[in-house]
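Residue numbers (the numbering used here): 6 to 198.
Following this line, the structure appears as structure tokens:
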């Protein structure tokens, strides 16, 4: 009873059978930024009973894909960074009691801002589609080239592919590859210009 009284006095609204409402991620993020007051935003945060990592990622992807000015964007990313560092410390030290401070950090994001809406992915759709469709071709190209250059596929894509593309662009290197790789190589060359 004393703990309940202490939590009420400090402004923490514990979830009881009368105040408990479980909100999913999308509704929670949208309701958070539509809230009319800090108290309402705080209750939305406490109602989002999801994994803390998912909560941080949901705020991050929603903020990154929204149309914000540079100062507001930087402020929001600082707050997300602070929340992420706290969660990293919690996982590293297994000190789960620190989790109670996560919502106190995330409440700093509160601003009645209609520009921010929930987005599941923090990349644009054209980029996601490109990754999906061109990624398979780049992966098969990298496995072929990695064997020829005695590298791992990831090392080739990271270090070798930009130089190979640059050499192909300047016509100093000709590769004997299947025709299916021609269009992906042309796309990548256009992107490095």
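Heads up, the beta-carbon is just placed ideally off N, CA and C, and yes, glycines get one too.
Leaving out five residues before and five after residue i in sequence, what residues of the same chain have Cβ atoms less than 8 Å from its Cβ?
{"i": "residue 160", "result": "151"}
{"i": "residue 171", "result": "197"}
{"i": "residue 122", "result": "34, 35, 38, 67 and 71"}
{"i": "residue 189", "result": "139, 142, 143 and 146"}
{"i": "residue 108", "result": "47, 50 and 51"}
Kindly list the residues whose CB is nearer than 6 Å to the CB of residue i, restricted to its own chain and excluding five residues on each side of it in sequence; keep chain order.
{"i": "residue 113", "result": "84"}
{"i": "residue 54", "result": "27"}
Around the C-beta of residue i, are 16 or more other C-beta atoms found within 10 angstroms, so that it is buried, or is it exposed?
{"i": "residue 49", "result": "buried"}
{"i": "residue 46", "result": "buried"}
{"i": "residue 179", "result": "exposed"}
{"i": "residue 201", "result": "Past the boundaries of the shown model lies residue 201; the chain is included only from 6 to 198, so the question cannot be answered."}
{"i": "residue 126", "result": "exposed"}
{"i": "residue 166", "result": "buried"}
{"i": "residue 63", "result": "buried"}
{"i": "residue 136", "result": "exposed"}
{"i": "residue 25", "result": "Here residue 25 scores only 43 on pLDDT, less than 50, and its place in the model should not be relied on; the value that follows carries that caveat. Answer is exposed; the Cβ neighbour count stays below 16."}
CB-CB under 7 Å to residue i, same chain, minus the five flanking residues each way: which ones, in chain order?
{"i": "residue 43", "result": "112 and 115"}
{"i": "residue 101", "result": "95"}
{"i": "residue 61", "result": "85, 88, 89 and 92"}
{"i": "residue 58", "result": "92"}
Under 9 Å between C-beta atoms, does residue i make it to chain D?
{"i": "residue 189", "result": "Annotation note: the requested chain D is absent from the structure, which comprises a single protein chain."}
Specify whether the segment 135-146 and the segment 84-91 touch according to this definition: at least 3 beta carbon pairs, one from each stretch, less than 8 Å apart.
-> no
Start-end ranges of the alpha helix (DSSP H) lying completely within the segment 36-96, minimum 4 residues | 43-52 and 57-69
Could you pull out every unbroken beta strand (DSSP E) segment of at least 3 residues lying fully inside the segment 95-120, listed in chain order?
-> none
Complete runs of the beta strand (DSSP E) confined to the segment 148-192 [at least 3 residues] | none
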